[in-house]
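Chemist:
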Amino acid sequence: MLSLLLSLTVATIASPTLVVSYDLVRDYSGQTFFDGWDFFGSWDNLTLGDVWWLNRNDAFKQRLVYVNDAQRAVLKVDNVSDVPFNEKRASIRITTQEAYSVGSLWILDAVHLPFGCSVWPAFWTKGTGEWPDTGEIDIMEGINLMTSNQMALHTLPGCTHTTPPNQMGITRENDCSEPSGCVVAETSPDSLGAPFAAAGGGVWAVQFDVAGVFMWFWSRANIPPSVIQATSTSPMDVSQWGPPSASYPSTSCNITQFFSAQNIVLDITLCGSWAGLPEQYTPACGSSGPTGICYNDNVVGPGARFDDAFFEINYLRAYTTGGVAPTPSAAPTAIGTALIVDGAATITATTNVQLTPTPVSRPNGGVPSDDDKPAGEVPNASIAQPLQIPKISVLASLTALLLIALSSVTIVRL
Numbered sequence: 058m059l060s061l062l063l064s065l066t067v068a069t070i071a072s073p074t075l076v077v078s079y080d081l082v083r084d085y086s087g088q089t090f091f092d093g094w095d096f097f098g099s100w101d102n103l104t105l106g107d108v109w110w111l112n113r114n115d116a117f118k119q120r121l122v123y124v125n126d127a128q129r130a131v132l133k134v135d136n137v138s139d140v141p142f143n144e145k146r147a148s149i150r151i152t153t154q155e156a157y158s159v160g161s162l163w164i165l166d167a168v169h170l171p172f173g174c175s176v177w178p179a180f181w182t183k184g185t186g187e188w189p190d191t192g193e194i195d196i197m198e199g200i201n202l203m204t205s206n207q208m209a210l211h212t213l214p215g216c217t218h219t220t221p222p223n224q225m226g227i228t229r230e231n232d233c234s235e236p237s238g239c240v241v242a243e244t245s246p247d248s249l250g251a252p253f254a255a256a257g258g259g260v261w262a263v264q265f266d267v268a269g270v271f272m273w274f275w276s277r278a279n280i281p282p283s284v285i286q287a288t289s290t291s292p293m294d295v296s297q298w299g300p301p302s303a304s305y306p307s308t309s310c311n312i313t314q315f316f317s318a319q320n321i322v323l324d325i326t327l328c329g330s331w332a333g334l335p336e337q338y339t340p341a342c343g344s345s346g347p348t349g350i351c352y353n354d355n356v357v358g359p360g361a362r363f364d365d366a367f368f369e370i371n372y373l374r375a376y377t378t379g380g381v382a383p384t385p386s387a388a389p390t391a392i393g394t395a396l397i398v399d400g401a402a403t404i405t406a407t408t409n410v411q412l413t414p415t416p417v418s419r420p421n422g423g424v425p426s427d428d429d430k431p432a433g434e435v436p437n438a439s440i441a442q443p444l445q446i447p448k449i450s451v452l453a454s455l456t457a458l459l460l461i462a463l464s465s466v467t468i469v470r471l
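Take 58 as the starting number for the sequence shown in the numbering used here and just add one per residue.
(1) Can you list, in chain order, the residues of its chain with a C-beta nearer than 7 Å to that of P54? Leave out the 5 residues immediately preceding and following it.
(2) In terms of residue numbering, what span does the beta strand (DSSP E) encompassing V108 cover?
(3) Taking only runs of the beta strand (DSSP E) that begin and end inside the stretch 260-344, which ones reach a length of at least 3 residues, in chain order?
(4) Relative to the C-alpha of W163, which candidate in G186, M225, D266 and A116 has its C-alpha closest?
(5) If you drop the 5 nearest sequence neighbours on each side, which residues of the same chain put their C-beta closer than 6 Å to that of I449?
(6) For the 8 Å Cβ check, are there 3 or more pairs between the stretch 313-331 and the stretch 176-186?
(7) Do the stretch 195-203 and the stretch 327-345 make contact, defined as three or more Cβ pairs closer than 8 Å?
(8) Closer than 8 Å is the cut-off here; do at least three beta carbon pairs connect the stretch 257-273 with the stretch 161-175?
(9) Could you check if H211 belongs to the surroundings of the ligand GTP, using beta carbon to heavy atom distance under 7 Å?
(10) When DSSP labels each residue in this structure, what does F368 get in the three-state scheme?
(11) Note down the Cα distance separating D354 from W109, rounded to an integer number of angstroms.
(12) Taking the straight line between their C-alpha atoms, what separation do you get for V122 and A147?
(13) Once DSSP output is grouped into helix, strand and coil, what is the label at G349?
(14) In the DSSP assignment, what residue or residues form a beta bridge with G238?
(15) With DSSP run on the structure shown, which of helix, strand or coil describes Q119?
(16) In angstroms, rounded to a whole number, what distance separates the CA positions of V284 and R277?
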């Protein structure tokens, strides 16, 4: 009997079954798209970008967020103001108030993504605790004039990416605790920038599961029928989606160990510790201005160069295996309740590169308000400190393994 249980344990851990059907729990779209989001309300102290992420009131007042006549949500960089030297340009960063546990599926349909010299947009998730202790999933991220997306996971040491045979993207980095994360490059030529917009946009889907993190991208012409036909109330069947762009199986990264429930983030920064690095900026944009410096030639001066620096989104939908709505304090789903899905594509959204930030000042010399206090992330205006990755220890016993094996025999919702 003991040997049978041990065999069951090994088999269960080695080959978990993916969930194929999900229940919708949140639809961010239309006039209610911006309900349920927190606005950062501070300068970009995280990646040292030359922006001031506005609070909710200022963002709507300055029309950096709104719903257009096509009922699409727009998030944009200020493309109107003439910014003086040593000031930052207004932009947007929003984070879902709800955190989504392992066992979730997220789908974003967009018709336009921000692009241009100095521009650094991202669609990503972050754990509810300290970074990187609770994981980060970068789904869409690019800089300057890039036309192909990169994806990545960021974790504590111990999570790695072993390229599976059915992954469509190209693995660039295997260690998820490296500053860049474990990176997979998208092979589709129209997953970012001007080509993305010319193709009519596209869709990202992310499974966040005990079996692994998996991410798909489809340009407008290739979106699968189950996604096209979905409504704001219908469940989602993922069984016909085909191979993912990025696949991070749990065989080399224990998802429930390295990831907590995740908040979804949309943001646009400028320059900073990736787009503004000379080795990144100069080849693509070094000749776009008189100085060859990201901040001087882009952020300062007229805003018209940021006319393409905006998200235009049809919807963002969140699904779970159990159909239970998440809460702001959501904890990871217990392994025994349902099989969980993680789909992750990330890039180097967070890095430990230190740059000297430009002076911290609000756009147009404004004074911070009480609304300008980011929740859980406190700016340090004096100096950017590199993030330290602590070590963890894992204690496992035979009893725990047996319990996991028994509780992991889950029912897939069809």
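All C-beta atoms, glycine included, are put in the ideal place defined by N, C-alpha and C.
Modeler: Straight from the coordinates:
(1) Past the edges of the chain, shown from 58 to 471, lies residue 54, and the structure says nothing about it.
(2) If you number the sequence shown from 1, residue 108 lands on position 51. V108 to W110 is the extent of the beta strand (DSSP E) around V108.
(3) 269-276, 303-306 and 319-327
(4) Numbered from its first residue, the sequence shown carries residue 163 at position 106. The shortest C-alpha separation from W163 is found at D266.
(5) Sequence index remark: in the sequence shown, residue 449 carries index 392 (1-based). Its pLDDT being 32, under 50, I449 is placed unreliably in this model, and the value from its coordinates should be taken loosely. Contacts found: L213.
(6) yes
(7) yes
(8) yes
(9) The ligand content of the structure shown is nil, which means the ligand GTP is not present either.
(10) Start at 1 with the first residue of the sequence shown, and residue 368 comes out as number 311. Note: F368 maps to strand in three-state DSSP.
(11) Locating residue 354 in the sequence shown gives position 297, counting from the first residue. Locating residue 109 in the sequence shown gives position 52, counting from the first residue. Cα to Cα, D354 sits roughly 18 Å from W109.
(12) Within the sequence shown, residue 122 is the residue found at index 65, counting from 1. Within the sequence shown, residue 147 is the residue found at index 90, counting from 1. Computed Cα separation, rounded: 11 Å.
(13) Stepping through the sequence shown from its first residue, residue 349 is reached at position 292. Of the three classes helix, strand and coil, the one that applies to G349 here is coil, per DSSP.
(14) In the sequence shown, the residue the question calls residue 238 occupies position 181. Note: G238 sits in no beta bridge, so no partner.
(15) Within the sequence shown, numbered from 1, the residue matching residue 119 stands at position 62. Here Q119 sits in coil by DSSP.
(16) Counting from 1 along the sequence shown, the entry for residue 284 is found at position 227. Counting from 1 along the sequence shown, the entry for residue 277 is found at position 220. Roughly 11 Å separates the two Cα atoms.
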